[in-house]
Each structure stands twice: as C-alpha cells, then as structure tokens.
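Enquirer: A single structure is presented below for examination.
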Amino acid sequence: MISVAEALRIVVDAARPLGAERVGLVDACGRVAAEDVASTRAVPAAANSAMDGYAVRAEDVAAPGARLRIVGSIPAGSVQSEPLARGTAVKIFTGSVVPPGADTVVRVEDSEAAGEHVVVTIAHAHGANVRLAGEDIAVGATVVRAGQEIGPADVGVLASIGCAAIAVRRLPRVAILSTGAELVEIDEAPGPGQVVNSNAWALAAAVGEAGLPAPLVLPIVRDRFEDIRTRLEEAAEADVVLSTGGVSVGDFDFVKEALDAIGVERFFWRVAQKPGKPLTFGRRDSTLFFGLPGNPVSALVCFAVYAWPALRRMAGHARLHLPSGRAVLGAPVRRKPGLTEFVRVHLDGALPLPTAVPFRSQSSGVLTGLGSGAGLLVAPAERGALEAGEEFDVLRPGPFAAATAVSVLVAASVASPGDSC
Ligand code: AMP
Ligand code: MG
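Residue numbers (this note's numbering): 237 to 657.
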C-alpha cells in the first residue's frame with residue numbers, strides 16, 4: 237500500500253501531454269496552446285480616439301479656454317487624410333483614426349460648442365485621450381505562448397489580429413467500463429440483488445465537467461475474467477480508461493488480473509486512503525488505466541483526486557490539481573490514524589474561512605454526500621480524531637470554486653454603501 241502523495245506522483249508522472257491539433261477560435265477557449273502566436277499586425281492599427289470629442293493639436297489646448305474652429309467630422313470607420321491646421325478642431329468619435337497633425341483629443345464633456353467653434357474648458361496634455369498605434373499589440377509581438385491556457389480575452393486578441401485557428405494540445409479521449417454482475421442499465425428495473433449502473437453516468441458527467449469530449453461508455457461487463465479482458469482491450473483505444481468495480485480482494489474481483497493479461501504495466505494497487513483504498517493504476521503504451529473501486533463515492537473521489545490531474549496534464553495544463561483552500565472543521569470527526577481520509581463536507585460561509593460541516597454519513601456508498609457544493613476535507617493519514625475548530629485543506633471538485641468567487645462578489649456588492657435596493 238502506498239501513500240496518497242506517492243500515488244499522485246506516479247499518476248502525474250505517467251501522464252504525458254498529448255500531441256497538437258488545429259482548432260478554430262470557436263473551440264479554442266479552455267484549451268492549451270501548442271504554439272507561440274506572433275502578430276503580423278499592430279493593434280490598434282493606427283492612432284485613434286478613446287473618446288467622443290474633438291481631435292486637436294496639443295499646443296492649441298495647453299491652457300484652458302482655447303477657442304478652435306470646427307473644420308469637419310470623422311465618424312468611426314472613415315479616415316481624414318488632410319492634416320489638421322493650427323487653431324482648428326475636427327469632430328471625432330471613439331475609435332476614429334486621429335487625422336495627421338492632430339495628437340490630442342478633447343472630450344465632449346471638456347468642451348462647449350459655440351456655433352462653428354468649440355471652446356475647450358480645461359488644459360490638455362499632449363496625447364490625452366488618444367490610443368496609440370500598436371499600443372496593445374506591436375507587430376511581431378507574441379500574443380499567445382505555447383503552454384498557455386486560452387481564455388476569452390486571448391480569443392479576442394487572436395481575432396483582433398485575424399488569427400482564426402490555433403494549434404492546441406489534443407484533449408484526452410476517455411473510455412468508461414463498469415464491471416459488476418449485480419449491475420443493470422438505467423432503463424431496467426433492478427431485480428433482487430441488482431443495482432443500477434450509476435458510476436458510468438457520474439463519471440461521464442465528471443468527464444464532461446472537465447471540458448473533455450463525451451466518453452466512450454462500454455456496456456456493463458459481468459464479473460468474468462475473459463469478458464473483462466475483452467472489454468478492457470476494446471477500451472484501450474482511448475487515452476484514459478476508467479473501469480469501476482472488481483479491484484478489491486473478493487473472489488470475483490478480476491480487473492487487476494485482466495489488466496495484467498492485456499499487458500498493462502500496473503504501478504500500484506491499494507492506496508492508504510479512505511474512500512478508494514483498492515484503487516489500481518497502470519499504463520500500456522500511452523494509455524492510462526484507472527481501476528477505480530465500485531463504490532460510487534470511491535469512484536468519483538478517485539476520479540477527482542487522480543484521474544483529473546492526469547487528464548489535465550494530457551491536455552497540456554500546468555495547474556493540475558483540484559482547486560483547494562482552507563476551512564475550519566465545524567464538528568468533530570472520529571477516526572483512527574493510518575489512512576488519508578477525504579471527508580465529505582459542505583462549506584458554510586466565506587469569511588474569514590468557511591466552516592466545513594461533515595456530511596451525516598461518510599459511507600462510500602452514500603453518494604448524496606458528494607452532491608452539489610461538497611468539498612473533500614483532507615484528514616492527514618497520521619491524524620486520529622479531528623476536533624471542531626481545527627483548520628484543514630479542502631479540495632473542491634467541480635465548479636465549486638467558481639461558485640464561491642461569484643458569491644464573494646455578490647456579497648461585496650450587497651454590502652456597498654448607498655445601495656438602496
Ligand atoms: P466492488 O468494487 O465491485 O466490490 O463494488 C463495491 C460496491 O459498489 C458494491 O456495492 C457494488 O454494487 C457497487 N457498485 C459497483 N459498481 C457500481 C456501479 N457501476 N454503479 C453503482 N454501484 C456500483
Ligand atoms: Mg463488484
């Protein structure tokens with residue numbers, strides 16, 4: 237049996253970033269760039285106005301009260317090639333190119349129209365309210381670097397330089413194989429001793445939440461060595477195989493032997509953790525095999541803790557692990573030292589640290605404890621009973637981190653003074 241840290245190190249080490257593929261910008265967000273992208277264009281292409289107002293010469297508006305003759309108007313999208321003469325101004329709009337000779341823009345709010353003239357009420361510094369050519373992106377500047385995760389602003393930047401496609405790391409394809417003689421499909425009524433195959437659904441959802449393509453979900457396989465072997469061989473065309481069940485020490489637990497039989501190099505079996513102790517992991521060629529335990533909580537926790545960072549690494553990400561934070565335990569947890577325990581908690585409040593309230597049941601069969609917003613409080617292996625008021629790390633699977641960030645923003649805006657509604 238190995239420790240959680242050792243198991244994680246082995247998993248992350250075995251996962252390698254996949255090759256590159258070219259995708260259109262519409263599919264680029266969230267992907268990891270596989271190439272540097274340098275701009276062949278300057279953005280903005282020419283000096284333009286940051287405001288609605290008047291393009292002027294700086295020396296004409298160095299003191300308040302300047303009176304300039306309005307000689308024209310440049311709506312956005314049109315350009316004026318004649319130079320602006322001294323003592324004159326031209327009406328200009330946000331984004332319009334500043335005409336030659338002009339170097340400064342006076343905002344409408346800092347002026348008073350007077351027939352064919354405009355009076356500039358305040359003094360302006362040279363270059364005020366002008367966006368310079370190449371101020372955002374110079375010709376030749378690198379706008380995206382290999383290894384960088386592409387976000388919405390990067391997509392906008394790429395679009396602004398006319399780059400409609402980019403090379404990114406390929407996303408891993410996942411296959412899911414549910415083993416168990418007791419399992420039935422969702423549309424079958426379970427008979428005595430039978431349970432619905434919920435793991436395939438939960439894992440497929442987790443794969444989707446990770447932003448990966450829909451997994452290949454294989455049919456349920458009974459606890460027969462030959463059948464498991466055949467199905468594992470089929471699943472092996474994926475980049476990552478997630479099997480559930482049949483990895484413990486029961487008479488019908490054939491997954492380990494079947495993995496060995498198809499030539500998977502298994503790096504470990506059994507991790508000093510709860511839930512998920514019987515986890516096994518191996519690799520054949522570049523395909524990773526996670527033999528997840530069958531208990532629904534164990535399967536999902538092992539996915540979050542081990543498969544998630546492996547999948548992230550394959551997709552090229554640098555930040556691999558689940559978001560985590562600190563929380564104060566809200567009630568004691570009885571336990572013995574020996575295993576790292578992922579205690580299912582729900583988090584209450586945000587300031588200064590959230591309180592982690594343990595779910596009523598920590599059984600690995602009780603999946604409701606991992607429901608929306610749940611966190612996994614990490615009880616260190618060497619610790620016995622945990623006391624209320626102690627601080628621990630909490631992993632936050634799924635979109636929980638995003639939800640917290642939003643609630644912090646909402647709380648801040650509600651608290652802002654002068655807010656009457
Ligand atoms: P195993 O790891 O095969 O010993 O299974 C442990 C427990 O998980 C048993 O109670 C199984 O019925 C349950 N289980 C195994 N596979 C699934 C599955 N795909 N969906 C729901 N429960 C499962
Ligand atoms: Mg079983």
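No residue lacks a Cβ here, since even glycine has one placed at the ideal position from N, Cα and C.
As the structure is a computational prediction, the values presented were derived from the model and not from experiment.
1) Answer with buried or exposed for Thr324, where buried requires no fewer than 16 other C-beta atoms within 10 angstroms of its C-beta.
2) Hey, Glu445 and Gly266 are a contact pair by Cβ (cut 8 Å); roughly how many whole angstroms apart?
3) Report buried or exposed for Arg405, applying the criterion of at least 16 other Cβ atoms within 10 angstroms of its Cβ.
4) I'd like the ranges of any alpha helix (DSSP H) spanning at least 4 consecutive residues and lying wholly in the stretch 423 to 465.
5) Tell me whether the stretch 520 to 531 and the stretch 475 to 494 touch, counting them as touching only if at least three CB pairs, one residue from each stretch, are closer than 8 Å.
6) Starting from the C-beta of Asp629, find all residues in its chain whose C-beta is less than 6 Å away, skip the five residues before and the five after it, and write them out in chain order.
7) Are there 16 or more other CB atoms within 10 angstroms of the CB of Arg549, so buried, or fewer, so exposed?
8) Per DSSP, what kind of secondary structure is Leu583 in: helix, strand or coil?
9) May I have the straight-line CA-CA distance separating Val483 from Leu606, to the nearest angstrom?
10) By Cβ distance, which residues of its chain are closer than 7 Å to Val602, with the 5 residues on each side in sequence left out?
11) Could you check what DSSP says for Lys492 in three-state terms: helix, strand or coil?
12) Counting only runs of 3+ residues fully inside the stretch 545 to 583, write out the beta strand (DSSP E) ranges in chain order.
13) Throw me the rounded Cβ distance for the Arg571 and Glu577 pair, which I believe falls under 8 Å.
14) For Glu318, name the three-state secondary structure that DSSP assigns.
15) Just the Cα atoms here: how many angstroms apart are Leu261 and Phe490?
16) Could you tell me the alpha carbon to alpha carbon distance between Leu565 and Gly429, rounded to whole angstroms?
17) Could you check how far apart the C-beta atoms of Val279 and Asp372 are, in whole angstroms? I think they sit under 8 Å.
18) What does the alpha-carbon distance come out to for the pair Arg303 and Glu295?
19) Does the distance from the CB of Ser239 to the CB of Ala441 come in under 8 Å?
20) Roughly how many angstroms lie between the CA atoms of Pro633 and Leu448, to the nearest whole one?
21) Just the Cα atoms here: how many angstroms apart are Ala338 and Gly387?
22) Is the separation between the beta-carbon of Gly611 and that of Leu583 shorter than 8 Å?
23) Tell me whether Ala349 is buried or exposed, calling it buried when 16 or more other Cβ atoms sit within 10 Å of its Cβ.
Expert: According to the structure shown:
1) Here the question's residue 324 lines up with position 88 in the sequence shown. Per the 10 Å Cβ criterion, buried.
2) Walking along the sequence shown from the start, residue 445 turns up at place 209. Walking along the sequence shown from the start, residue 266 turns up at place 30. Not really, about 12 Å apart at Cβ, beyond 8 Å.
3) As a first step, residue 405 must be located in the sequence shown, where it is residue number 169. Answer is buried; the Cβ neighbour count reaches 16.
4) As far as the stretch 423 to 465 is concerned, its whole alpha helix (DSSP H) runs of at least 4 residues are 435 to 445.
5) The stretch 520 to 531, when compared against the stretch 475 to 494, does touch it at the 8 Å Cβ threshold.
6) In the sequence shown, the residue the question calls residue 629 occupies position 393. These residues qualify, in order along the chain: Ser560 and Val614.
7) In the sequence shown, counting from the first residue as 1, residue 549 sits at position 313. With 16 or more other Cβ atoms within 10 Å, it is buried.
8) Looking up residue 583 in the sequence shown gives position 347. Secondary structure at Leu583: strand, using DSSP grouped into helix, strand and coil.
9) As a position in the sequence shown, residue 483 is number 247, starting the count at 1. As a position in the sequence shown, residue 606 is number 370, starting the count at 1. Cα to Cα, Val483 sits roughly 22 Å from Leu606.
10) Against the sequence shown, residue 602 aligns to sequence position 366. Val533.
11) On the sequence shown, position 256 is the one that residue 492 refers to. DSSP places Lys492 in helix when its eight states are reduced to three.
12) If we require 3 residues or more, the beta strand (DSSP E) runs fully inside the stretch 545 to 583 come out as 560 to 565.
13) On the sequence shown, position 335 is the one that residue 571 refers to. On the sequence shown, position 341 is the one that residue 577 refers to. With 8 Å as the limit, Arg571 and Glu577 qualify as a contact, their Cβ atoms being about 6 Å apart.
14) On the sequence shown, residue 318 is found 82 positions in, with the first residue counted as 1. DSSP places Glu318 in coil when its eight states are reduced to three.
15) Walking along the sequence shown from the start, residue 261 turns up at place 25. Walking along the sequence shown from the start, residue 490 turns up at place 254. For the pair Leu261 and Phe490, the Cα-to-Cα distance works out to about 45 Å.
16) Locating residue 565 in the sequence shown gives position 329, counting from the first residue. Locating residue 429 in the sequence shown gives position 193, counting from the first residue. Going from the Cα of Leu565 to the Cα of Gly429 covers about 38 Å.
17) Numbered from 1 along the sequence shown, position 43 holds the residue referred to as residue 279. Numbered from 1 along the sequence shown, position 136 holds the residue referred to as residue 372. Right, the Cβ-Cβ distance comes to about 5 Å (below 8 Å), so this counts as a contact.
18) Taking the first residue of the sequence shown as position 1, residue 303 is located at position 67. Taking the first residue of the sequence shown as position 1, residue 295 is located at position 59. Within the model, the alpha-carbon separation for Arg303 versus Glu295 is close to 12 Å.
19) For the purposes of this step, residue 239 is identified with residue 3 of the sequence shown, where counting begins at 1. For the purposes of this step, residue 441 is identified with residue 205 of the sequence shown, where counting begins at 1. No. Outside cutoff.
20) On the sequence shown, position 397 is the one that residue 633 refers to. On the sequence shown, position 212 is the one that residue 448 refers to. For the pair Pro633 and Leu448, the Cα-to-Cα distance works out to about 15 Å.
21) By one-based count along the sequence shown, residue 338 stands at place 102. By one-based count along the sequence shown, residue 387 stands at place 151. Taking the straight line joining both Cα atoms gives about 36 Å.
22) As a position in the sequence shown, residue 611 is number 375, starting the count at 1. As a position in the sequence shown, residue 583 is number 347, starting the count at 1. Their beta carbons are under 8 Å apart, which means Gly611 touches Leu583 by this criterion.
23) Stepping through the sequence shown from its first residue, residue 349 is reached at position 113. Ala349 is classed as exposed because its beta carbon has fewer than 16 other beta carbons within 10 Å across all chains shown.
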